[in-house]
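Chemist: Protein chains in written order, with my numbering: chain A, 2 to 490; chain B, 144 to 495.
Cβ atoms here follow ideal geometry from the backbone N, Cα and C, with glycine treated the same way.
Being a predicted model, the structure only gives us computed values, none of them experimental.
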Amino acid sequence: MPPLLELLGIRKRFGSVEALRGADFTLASGEVHALLGENGAGKSTLMHIAYGMVLPDAGSVRLNGDDRTNWSPRQARNLGLGMVHQHFTSIPALTVAENIALAAGWAGHPRQLCRKAESLSQKLGLPLDADQRAGRLPVALKQRLEIVKALAADARILLLDEPTAVLAPPEADELLQVVRRFAEAGGSAVLITHKLDEALRLADRVTVLRQGAVTHSGTVIDETASSLARAMIGSAPDTVEPARSRSPAAPGAGPVLVRMEALELSRESGYGIAVRHGSLRIHGGEIVGIAAVEGNGQRELLRAIAGRILPLRGRLEVTGPIGFIPEDRTSEGLIPELSLTENVTLGLDREAPWIRPGYVNWRVARARTSELLQQYGIVADGPAARAGSLSGGNQQKLIVARELSRNPAVLVAENPTRGLDIGAAAAIRCRISAAAEAGAAVLVYSSDLDEVLQLSHRTVVVCRGVLSEVPATATRDEIGRMMLQERAR
Amino acid sequence: MNRLWWALAAMVIGLSLLATGLYLAGYDPGIALAALFSGAFGSWHAFTSATLVRAVPLILIGLGIAIAFRGGSFNIGGEGQFYAGAIAATWIGLHLAHVPSALAIPLLLAGSAIAGAAWIAIPVWLKLRFGVIEVISTLLLNFVAESLVSLLVQGPLQEPSRVYPQSDTIPDPARLPLLGDSRLHAGFFLALLVGLLLWYLFHFTLWGFRLRAVGAGPRAAEISGRVDPQRVGAMALFCSGALAGLAGGVEISGVSYALFQNLSPGYGFTGIAVALLGGLDPAGVVLSGVLIGALEAGAGAMQRDAGVPAVAVFVVEAAIIVVTLLATTPKGGWMNARVIRRIRPAMRKASG
Numbered sequence: 002m003p004p005l006l007e008l009l010g011i012r013k014r015f016g017s018v019e020a021l022r023g024a025d026f027t028l029a030s031g032e033v034h035a036l037l038g039e040n041g042a043g044k045s046t047l048m049h050i051a052y053g054m055v056l057p058d059a060g061s062v063r064l065n066g067d068d069r070t071n072w073s074p075r076q077a078r079n080l081g082l083g084m085v086h087q088h089f090t091s092i093p094a095l096t097v098a099e100n101i102a103l104a105a106g107w108a109g110h111p112r113q114l115c116r117k118a119e120s121l122s123q124k125l126g127l128p129l130d131a132d133q134r135a136g137r138l139p140v141a142l143k144q145r146l147e148i149v150k151a152l153a154a155d156a157r158i159l160l161l162d163e164p165t166a167v168l169a170p171p172e173a174d175e176l177l178q179v180v181r182r183f184a185e186a187g188g189s190a191v192l193i194t195h196k197l198d199e200a201l202r203l204a205d206r207v208t209v210l211r212q213g214a215v216t217h218s219g220t221v222i223d224e225t226a227s228s229l230a231r232a233m234i235g236s237a238p239d240t241v242e243p244a245r246s247r248s249p250a251a252p253g254a255g256p257v258l259v260r261m262e263a264l265e266l267s268r269e270s271g272y273g274i275a276v277r278h279g280s281l282r283i284h285g286g287e288i289v290g291i292a293a294v295e296g297n298g299q300r301e302l303l304r305a306i307a308g309r310i311l312p313l314r315g316r317l318e319v320t321g322p323i324g325f326i327p328e329d330r331t332s333e334g335l336i337p338e339l340s341l342t343e344n345v346t347l348g349l350d351r352e353a354p355w356i357r358p359g360y361v362n363w364r365v366a367r368a369r370t371s372e373l374l375q376q377y378g379i380v381a382d383g384p385a386a387r388a389g390s391l392s393g394g395n396q397q398k399l400i401v402a403r404e405l406s407r408n409p410a411v412l413v414a415e416n417p418t419r420g421l422d423i424g425a426a427a428a429i430r431c432r433i434s435a436a437a438e439a440g441a442a443v444l445v446y447s448s449d450l451d452e453v454l455q456l457s458h459r460t461v462v463v464c465r466g467v468l469s470e471v472p473a474t475a476t477r478d479e480i481g482r483m484m485l486q487e488r489a490r
Numbered sequence: 144m145n146r147l148w149w150a151l152a153a154m155v156i157g158l159s160l161l162a163t164g165l166y167l168a169g170y171d172p173g174i175a176l177a178a179l180f181s182g183a184f185g186s187w188h189a190f191t192s193a194t195l196v197r198a199v200p201l202i203l204i205g206l207g208i209a210i211a212f213r214g215g216s217f218n219i220g221g222e223g224q225f226y227a228g229a230i231a232a233t234w235i236g237l238h239l240a241h242v243p244s245a246l247a248i249p250l251l252l253a254g255s256a257i258a259g260a261a262w263i264a265i266p267v268w269l270k271l272r273f274g275v276i277e278v279i280s281t282l283l284l285n286f287v288a289e290s291l292v293s294l295l296v297q298g299p300l301q302e303p304s305r306v307y308p309q310s311d312t313i314p315d316p317a318r319l320p321l322l323g324d325s326r327l328h329a330g331f332f333l334a335l336l337v338g339l340l341l342w343y344l345f346h347f348t349l350w351g352f353r354l355r356a357v358g359a360g361p362r363a364a365e366i367s368g369r370v371d372p373q374r375v376g377a378m379a380l381f382c383s384g385a386l387a388g389l390a391g392g393v394e395i396s397g398v399s400y401a402l403f404q405n406l407s408p409g410y411g412f413t414g415i416a417v418a419l420l421g422g423l424d425p426a427g428v429v430l431s432g433v434l435i436g437a438l439e440a441g442a443g444a445m446q447r448d449a450g451v452p453a454v455a456v457f458v459v460e461a462a463i464i465v466v467t468l469l470a471t472t473p474k475g476g477w478m479n480a481r482v483i484r485r486i487r488p489a490m491r492k493a494s495g
């Protein structure tokens with residue numbers, strides 16, 4: 002019997018970049034197959050080819066032994082493939098129910114659709130408010146909607162592109178369990194990820210891509226995190242050791258650079274309170290980690306401290322200059338259409354001597370950008386390249402380089418390694434630690450709890466807008482419970 | 144350079160289309176095109192008095208449109224702002240009979256620019272206060288401005304004999320000096336100056352950089368660049384309106400000397416084409432302004448000498464724009480991606 006889905010000798014070139022060089026991939030019926038690889042390894046491209054979104058230059062796609070190399074996503078859907086994309090594909094102005102109906106091809110009275118959508122999402126264990134507009138959902142629920150949409154269309158094969166990238170650990174677990182149940186019910190799933198533990202925990206088999214070629218394929222049972230990591234990046238990853246164990250003396254050492262008392266913040270959407278009566282002090286040289294589940298007010302907290310939103314009431318004193326690494330690289334951190342030089346210039350005008358209102362010295366700007374590219378190991382086609390032409394990791398490095406180049410007294414980072422491969426993430430974490438060592442007060446939020454714990458000297462949990470300091474002796478599980486505390490009630 | 148070749152190709156395609164159309168309609172394309180050319184470039188007099196005179200308002204309005212588009216906003220109301228400027232210029236001009244030129248002209252031009260900015264202030268306010276998209280509001284205000292002109296020239300601003308629906312002519316001190324014995328007025332050099340200034344502003348000032356940043360990525364400009372995109376957008380629209388108003392003032396003070404209905408043969412709309420054809424770059428806009436000015440000037444000569452209706456050159460204009468847009472389109476698309484990218488934020492806003 003032929004395998005369910007088979008990709009043979011796939012080659013694909015985008016301009017001068019060879020995304021895939023003869024990759025093979027097979028998905029057996031009823032399995033969860035993890036597709037591992039660094040950013041730019043070709044994981045997404047391979048699955049886009051399987052789904053008919055991208056045509057391969059060479060190689061073939063087979064479903065149940067039938068050649069489907071040149072099919073379209075529509076045909077793929079009709080034959081039972083469903084894809085959950087890395088970027089959200091819901092229509093923000095439509096309700097959850099309408100989005101699901103659109104994806105599944107349902108028709109009927111709105112109220113009927115609503116009931117149907119709600120019962121489906123309940124049944125899947127991914128509850129959603131069917132009346133809510135998709136654009137109003139927090140990121141984690143948007144992601145949930147994507148999966149419900151794919152399953153609503155009766156997919157038998159689910160291709161998931163980094164589905165847990167934006168989720169907090171408990172939500173990620175929940176989602177992975179849904180995938181597991183889907184496989185147990187006879188479905189098959191491909192999980193694109195770069196999180197080793199996910200692959201190890203969930204998958205039956207794993208395929209590792211590196212620079213467009215398969216470097217490893219086999220069952221998960223025989224693997225350990227380090228054997229997979231080696232296949233992904235070639236050698237054991239160098240990680241930052243936990244800050245807590247490294248320098249227990251750091252807190253309290255420097256002057257107080259962030260002083261926040263009884264702060265109240267409204268939600269970014271404009272409705273309700275995001276943070277109530279929050280107090281926090283951060284000293285120079287200290288890294289404070291924020292642990293929180295998506296949508297609990299941490300976003301507003303970080304943005305208020307970064308000076309991007311104004312508090313409703315309370316006291317907030319932040320010493321400048323402030324460096325800010327926003328969550329969304331390509332819409333908030335960078336302007337993809339503009340050059341690297343222009344992106345470095347963006348927002349530096351208050352400090353850089355070569356930017357004056359009447360004259361921007363682009364020659365100096367270019368030289369400065371080249372320096373940063375070299376200093377931060379950013380792979381780019383020179384300072385005149387468009388920011389959009391860089392890979393995700395290099396874009397993030399550019400943002401970090403820009404924000405650190407202003408020697409910030411306070412650095413605020415939102416999910417700074419989101420969607421990055423191990424190497425790039427480690428480099429970013431190193432830079433953040435180094436900034437603290439150089440005397441900056443650092444506030445960092447990550448949806449990856451382990452990253453928060455690894456980076457920070459102390460951790461603050463934000464739950465339903467209430468800040469609470471985590472005791473130094475707390476275990477990971479205790480912190481996880483603090484993050485979910487009020488939700489459970 | 145590539146763009147220049149495309150512009151030339153566009154020109155050739157447009158003219159061939161025109162020639163074919165004329166041939167099919169029974170005209171002699173040779174005579175018509177010769178008349179078109181000589182009307183635009185045939186003599187120094189034709190070039191200055193016809194082509195360049197036509198180009199002045201197109202360049203000024205086109206530069207204004209380019210500012211707005213670059214900043215991610217849309218000004219489709221150049222026509223209305225042109226008339227607002229023309230009304231202000233006429234009113235100011237009529238009151239300046241005993242003021243020296245050195246004072247009268249700057250006053251008149253400043254007044255017309257302010258009037259243009261004031262006219263666009265309404266859409267800007269509607270946009271900031273209620274989220275009304277400026278594409279619609281600026282467009283609709285064109286009709287209001289046109290009606291206002293027709294009201295004024297049959298009422299308060301009508302010439303003393305009350306026979307013709309037009310204003311009295313403005314006195315000599317309020318008129319722009321002419322170049323030699325041609326009809327080309329000093330407004331042309333003003334337009335060049337504005338183009339040069341804008342070129343510097345776009346490429347070398349923080350203001351211009353922020354404008355481009357907001358146009359290309361409003362969210363990143365706000366979060367990472369700490370720029371208020373609404374403020375920058377409003378600013379761009381004000382400048383855009385001011386330049387269109389200035390074009391109206393220059394037309395009154397340099398060409399017509401009086402206000403009347405249909406003073407503008409659609410300068411406000413042709414200005415959009417000029418801006419797009421010029422790639423939203425000041426140097427390009429000046430060049431495309433002269434080119435379109437030449438076509439319109441030549442059209443008059445073609446009608447006179449070959450009996451071909453002047454509107455036939457719209458075929459050429461349209462063809463040039465379509466080809467230019469196609470030339471800058473990425474593979475597979477059919478419309479200029481840059482334009483789409485600029486329109487997209489407005490669409491997003493419209494959809495809530």
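Confirm, please, whether the CB-CB distance from C115(A) to A131(A) is below 8 Å.
Modeler: yes
Chemist: Measure the Cβ-Cβ separation of I356(A) and T346(A) and say whether it is below 8 Å.
Modeler: Cβ distance < 8 Å, so I356(A) and T346(A) count as in contact.
Chemist: Between N408(A), Q397(A), Y446(A), which lies nearest to N416(A) when the distance is taken from Cα to Cα?
Modeler: Y446(A)
Chemist: Determine the burial state of K270(B): buried for a count of at least 16 other Cβ atoms within 10 Å of its Cβ, exposed for fewer.
Modeler: With 16 or more Cβ atoms within 10 Å of its Cβ, K270(B) is classed as buried.
Chemist: At 9 Å on the CB atoms, spell out the chain B contacts of D132(A), in chain order.
Modeler: Per Cβ cutoff of 9 Å: no residues; D132(A) is ~16 Å from chain B at best.
Chemist: Just reading off the beta strand (DSSP E) that Y410(B) is part of, what are its end residues?
Modeler: Where Y410(B) is concerned, there is no enclosing beta strand (DSSP E), although the alpha helix (DSSP H) it sits in stretches over 410-420.
Chemist: Assuming contact is defined by CB atoms lying nearer than 8 Å, are G368(B) and G378(A) in contact in what I supplied?
Modeler: no
Chemist: Are there three or more Cβ pairs, one per stretch, closer than 8 Å when the region 168-183 of chain B is compared with the region 442-457 of chain B?
Modeler: yes
Chemist: By the 7 Å beta-carbon criterion, what residues does the region 310-335 of chain A contribute toward chain B?
Modeler: Under the 7 Å Cβ criterion, the region 310-335 of chain A contributes P327, S332, E333, G334, L335.
Chemist: Mind pulling the beta strand (DSSP E) runs of 3 or more residues that sit fully within the region 435-466 of chain A?
Modeler: Complete beta strand (DSSP E) runs here, min 3: 442-446, 459-464.
Chemist: Excluding the 5 residues preceding and the 5 following L255(A) in the sequence, name in chain order all residues of the same chain whose CB lies nearer than 8 Å to its CB.
Modeler: One point to set straight first is that residue 255(A) is Gly, not Leu, in the sequence displayed. Excluding sequence neighbours, G255(A) sits near H284, G285, G286, E287, G440, A442.
Chemist: Indicate the three-state DSSP secondary structure (helix, strand or coil) for V62(A) in the structure shown.
Modeler: strand
Chemist: How long is the line joining the alpha carbons of T1(A) and T90(A), rounded to whole angstroms?
Modeler: Because chain A in this structure spans residues 2 to 490, residue 1(A) falls outside the shown range and cannot be described.
Chemist: The alpha helix (DSSP H) that contains F89(A), what's its start and end?
Modeler: Per DSSP, F89(A) belongs to no alpha helix (DSSP H) and is neither H nor E.
Chemist: Taking 7 Å as the limit between beta carbons, can you name the residues of its chain near A493(B), skipping five residues before and five after?
Modeler: For A493(B), the predicted model reports a pLDDT of 46, less than 50, meaning its position is unreliable; a value from the coordinates is still stated below. Cβ within range, chain order: I276.
Chemist: What does DSSP give as the partner residues of F325(A) in its beta bridges?
Modeler: V413(A)
Chemist: Any heavy atom of the ligand FMN closer than 7 Å to the CB of V209(A)?
Modeler: As presented, the structure is devoid of all ligands, the ligand FMN included, so that no description of it is given.
Chemist: In chain A, which residues lie less than 7 Å from I210(B) when you measure between Cβ atoms?
Modeler: What I210(B) touches in chain A: nothing, since even the nearest Cβ is about 17 Å away.
Chemist: From the DSSP output, in three-state form, read off M445(B) for me.
Modeler: If DSSP states are grouped into helix, strand and coil, M445(B) belongs with the helices.
Chemist: Give a yes or no on whether the minimum CB-CB distance between G350(A) and chain B is below 8 Å.
Modeler: With the sequence shown as reference, residue 350(A) is identified as Asp, and Gly is not the correct amino acid for it. So yes, D350(A) belongs to the interface.
Chemist: Roughly how many whole angstroms lie between the Cα atoms of A435(A) and L405(A)?
Modeler: 10 Å
Chemist: Who are G219(A)'s beta bridge partners in DSSP?
Modeler: Answer is V207(A).
Chemist: In the structure shown, what three-state DSSP assignment does H241(B) receive?
Modeler: coil
Chemist: My understanding is that L36(A) touches L192(A), with C-beta atoms under 8 Å, so please give their C-beta distance in whole angstroms.
Modeler: About 7 Å; that satisfies the 8 Å criterion.
Chemist: What is the rounded straight-line gap between the Cα of L203(B) and the Cα of V337(B)?
Modeler: 8 Å
Chemist: Does any C-beta atom of chain B lie closer than 8 Å to the C-beta of G359(A)?
Modeler: Answer yes: the Cβ-Cβ gap between G359(A) and chain B drops below 8 Å somewhere.
Chemist: In whole angstroms, what separates the C-alpha of V259(A) from that of P266(B)?
Modeler: Cα to Cα, V259(A) sits roughly 42 Å from P266(B).
Chemist: Using a Cβ-Cβ distance cut-off of 8 Å, determine whether I474(A) contacts chain B.
Modeler: Residue identity check: residue 474(A) is Thr in the sequence provided, not Ile. Not an interface residue.
Chemist: Give me the Cα-Cα distance between W149(B) and I463(B), rounded to the nearest whole angstrom.
Modeler: Rounded to the nearest angstrom, the two C-alpha atoms are 9 Å apart.
Chemist: Ends of the alpha helix (DSSP H) at L284(B)?
Modeler: Here the alpha helix (DSSP H) through L284(B) covers 277-295.
Chemist: Where does the unbroken alpha helix (DSSP H) through T331(A) begin, and where does it stop?
Modeler: Careful: T331(A) lies outside any alpha helix (DSSP H) and carries neither H nor E.
Chemist: Hey, could you find the ends of the beta strand (DSSP E) M261(A) is sitting in?
Modeler: 257-267
Chemist: Suppose the cutoff is 7 Å on Cβ atoms and the five residues either side in sequence are ignored; what does the same chain contact list for E352(A) look like?
Modeler: P322, R407
Chemist: Contact check, V398(B) vs V196(B) under 8 Å by CB: the rounded distance?
Modeler: 6 Å
Chemist: Mind pulling the chain A residues with CB within less than 7 Å of Q366(B)?
Modeler: One detail in the question is off: residue 366(B) reads as Ile in this sequence, not Gln. Within 7 Å Cβ-Cβ: R309, P327, E333.
Chemist: How would you write the range of the alpha helix (DSSP H) that G330(B) sits in, first residue to last?
Modeler: Unbroken alpha helix (DSSP H) run through G330(B): 330-347.
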